[in-house]
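Asks: The structure is given below, and queries will be raised subsequently.
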Amino acid sequence: MLQRIFFSLQVKNLVAFNKIYRTRHTVSLARRSLHSPYQMIIKKPPATDDAFIESNVVKRFSPLARQVLAASGPIISSAAAGMTNGFSAILLPQLQQPGSKLSISEDQASWIASMAPLPMAVGCILGGLLMERCGRKSAHLLLNISFAVGWCVLSMAGSYPQILAGRFITGLSCGLVGPPASVYIAETSDPRYRGILLAGVTFAVSSGILLAHLFGTFFRWQTAALLCSLFMIVAYLLMLVSPESPAWLLARGARSEAETSFRWLRGFDPASRQEFDAMVARMEKDKG
18 MLQRIFFSLQ VKNLVAFNKI YRTRHTVSLA RRSLHSPYQM IIKKPPATDD
68 AFIESNVVKR FSPLARQVLA ASGPIISSAA AGMTNGFSAI LLPQLQQPGS
118 KLSISEDQAS WIASMAPLPM AVGCILGGLL MERCGRKSAH LLLNISFAVG
168 WCVLSMAGSY PQILAGRFIT GLSCGLVGPP ASVYIAETSD PRYRGILLAG
218 VTFAVSSGIL LAHLFGTFFR WQTAALLCSL FMIVAYLLML VSPESPAWLL
268 ARGARSEAET SFRWLRGFDP ASRQEFDAMV ARMEKDKG
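Here my numbering is used: the first residue of the sequence shown is 18, the next is one more, and so on.
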């Protein structure tokens, strides 16, 4: 009987000692982990990205509104291409009017009309190279500057060579805007709205031709050219506040910047996250 009682007490002491040892060992590990360089910490996302994405300005508008904002810059630039095509129809009649300060011959008139289309093909090639090298957004910023310079040269032109120079620059800019406009809209818009936003490019070109004729109806050609340059300032400002194409950033290996741009455009819902992950997987597959 005494042996059983003694054995029972030994078992209880062993169990109690085991519990105390495990508790002290756990506390010791916890204390050491506080000073360990390999301690686990919860990493927060970069503050700059969250501040940009989750700002009140971004949250105030829906993803569709932000996509329309991003597409507005290329669409307005496309309207300037239409203005360039329609500008000769208002420029030549005013130059050929009796009493015009700058009189031109029939041969000079034909050169003025054809000077804009001549560099368009070169502009298309340069536009494609520029958007791949510098990015879709940077390409638009540069072509908007080029367009504005061309229109300003026309508005201040006082001689035949100056008119040719302005027409050449605006014609080259027409070619530059072709590739980046459609590619940027396609890469920044949701598939549900992509068709209608891309249709805005063609609509803008025809609207630009109409606007050029309206400006020529009510104003002199110098004033009309100045009004056309104002559109380029608006397009430039819109592109400044728009993000770079997520697809182009991913192709350059800038995944965090691409995710920031994508979330700015599409929002924060799980479907958008899945779409971004699918884009990343597709890019990695293409590279592999």
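From the three backbone atoms N, C-alpha and C, an ideal C-beta is built for every residue, glycine too.
What did DSSP end up calling Gln125 once you bin it into helix, strand or coil?
Replies: It is helical.
Asks: Between the C-alpha atoms of Ala165 and Ser223, what's the straight-line distance to the nearest angstrom?
Replies: Roughly 20 Å between the two C-alpha positions.
Asks: Are Ser306 and Gln125 close, meaning C-beta to C-beta below 8 Å?
Replies: The structure shown does not extend to residue 306, since the chain is modelled only from 18 through 305, so no value can be given for it.
Asks: Ordered along the chain, which non-local residues of its own chain (more than five positions away) have a Cβ less than 6 Å from that of Ser289?
Replies: Result list for Ser289: Arg283, in chain order.
Asks: Do you know how far the Cα of Met296 is from the Cα of Pro80?
Replies: Cα-Cα distance, rounded: 18 Å.
Asks: If we ignore side chains and look at the alpha-carbon of each, how far apart do Glu149 and Leu135 end up?
Replies: Rounded to the nearest angstrom, the two C-alpha atoms are 24 Å apart.
Asks: Would you decide whether Arg209 is buried or exposed? Buried here means 16 or more other CB atoms lie within 10 Å of its CB.
Replies: With fewer than 16 Cβ atoms within 10 Å of its Cβ, Arg209 is classed as exposed.
Asks: Would you say Gly167 and Ala156 are within 8 Å of each other, going by their C-beta atoms?
Replies: Contact: no.
Asks: Kindly indicate which three-state DSSP category Asp303 falls into: helix, strand or coil?
Replies: Helix.
Asks: Compute the distance between the beta-carbons of Ser311 and Ile186, then report whether it is under 8 Å.
Replies: Outside the shown range of the chain, which is 18 to 305, sits residue 311, and nothing can be said about it.
Asks: In this structure, does DSSP put Ser262 in helix, strand or coil?
Replies: Three-state result, Ser262: coil.
Asks: Need the endpoints of the alpha helix (DSSP H) that Phe232 sits in, please.
Replies: Where Phe232 is concerned, the enclosing alpha helix (DSSP H) stretches over 208 to 235.
Asks: Quick one: grab the DSSP three-state call for Met173.
Replies: Coil.
Asks: Nearest-angstrom Cα distance between Ser53 and Cys141?
Replies: Any reading at Ser53 must be qualified, since the residue scores a pLDDT of 41, below 50, and its modelled position is unreliable; no value is offered.
Asks: Might you give, ordered along the chain, the residues of its own chain that have their beta carbon closer than 6 Å to the beta carbon of Ala221, omitting 5 neighbours on each side?
Replies: Correct list, in chain order: Ile92, Ser95, Ala96.
Asks: Roughly how many angstroms lie between the CA atoms of Asp286 and Gly270, to the nearest whole one?
Replies: For Asp286 and Gly270, the distance between alpha carbons rounds to 24 Å.
Asks: Assign Gly306 to buried or exposed, taking buried as 16 or more other Cβ atoms, counted over all protein chains shown, within 10 Å of its Cβ.
Replies: Outside the displayed span of the chain (18 to 305) sits residue 306, for which this structure offers no information.
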